[in-house]
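In my numbering, the protein residues as written are 64 to 267. Everything on this sheet refers to the single structure shown next.
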Amino acid sequence: MSPRNLLWIIIPAALSAGVLWLSAQESKSQPEGLKIGELAEKVQAREKAASQKEAALAQFEQRLNTLQATLEQELERLKAKEKALDELKAKNEQEYTRELERVREQERVREQEQRTKEQEQARKKIPEEVGDQLIRTYEAMDPNSASLAIEELAKTNMDVAVALMSSIAPKKAAKILDQLVKSDERLTGALSERIGLRRKEEAK
C-alpha cells in the first residue's frame, strides 16, 4: 500500500478519534458544572447566614449598650438617693442632739426647782419651838463641839444650818465658825456667805 493511501486511512481515523475524545470531555464537564453551582449556592447560603448572625450580633450589641446606659443612669439615681439619705440622716442626728440637750436642760432645771422646793418645804417643816430649842442647845455648847455639830448638820441640810447660825448670837456664831474653818474651809466659806445673805434679807 502506498503512503498516500495509508495517509488517507489514518487521517479520517484520527479525526474520528478526536471527535470522540471531545465528546467525552463535554460529557465529563457537565457534572463538574453542577458541582460548582451547588458549591456557589452553599457559599451564598453561608454568606447569608453569616450576614444574619452579624445583624443579630449588632442588635444584641445595641441592646447591651442600651442596657449599660440604663444601668449607669440607675446607678446615678441611686447615688443621688444615697447622698440625700446621708444628708437627711446627718440633719436628723443634729436635730436629735439639739432636742436631747434641750430635754436634758429642762430636766436639770426641773431638778433644781425640785431641790429648791424640797428645801423650802424642809424649812417650813421645822416648828418654831424646835428651832428655838436648837438655838439654845448650840449656844450652850462649847465652840469646838458646836462646830462639829454644825458641820454634820450643814452636810445634811444646809438651810437648817444657816438658819441656826443666823439665829445664834453673833459672837457665839463667830467662835463656832473659827473652829469650823480649821476642819473645812470650803464649808465655812459657803456657810458664812449664806449667813450674811440671810441676815441682809432679815434686815430688810
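Heads up, the beta-carbon is just placed ideally off N, CA and C, and yes, glycines get one too. Since this is a predicted model, take the numbers as computed values, not measurements.
- Assigned with DSSP and collapsed to three states, I231 falls in coil, not helix or strand.
- In this structure, the alpha-carbon of E104 lies about 21 Å from that of A118.
- The three-state reading of DSSP puts D205 in coil, since its state is none of H, G, I, E or B.
- Here DSSP, grouped into helix, strand and coil, assigns N220 to coil.
- Rounded to the nearest whole angstrom, the C-alpha separation of K111 and L102 is 14 Å.
- Note on L134: under 16 other CB atoms within 10 angstroms of its CB, so exposed under the neighbour-count rule.
- I99 and L130 have their C-alpha atoms spaced approximately 46 Å apart.
- For D149 and E139, the gap between their C-alpha atoms comes out near 15 Å.
- Take R262, set aside five residues on each side of it, and the residues of its chain with a beta-carbon closer than 7 Å to its own are S229, in chain order.
- Each residue's CA atom was taken as its position, placing E124 and A143 some 29 Å apart.
- For S210 against L243, the beta-carbon gap comes to about 4 Å, under 8 Å, which counts as contact.
- Look at the beta carbons and you see the region 200-209 not touching the region 167-174: under three pairs across the two are nearer than 8 Å.
- If you draw a straight line from the Cα of A236 to the Cα of K154, it comes to about 59 Å.
- By the beta-carbon neighbour count (other beta carbons within 10 angstroms, threshold 16), L120 is exposed.
- At least 7 Å separates the beta-carbon of V223 from that of I258.
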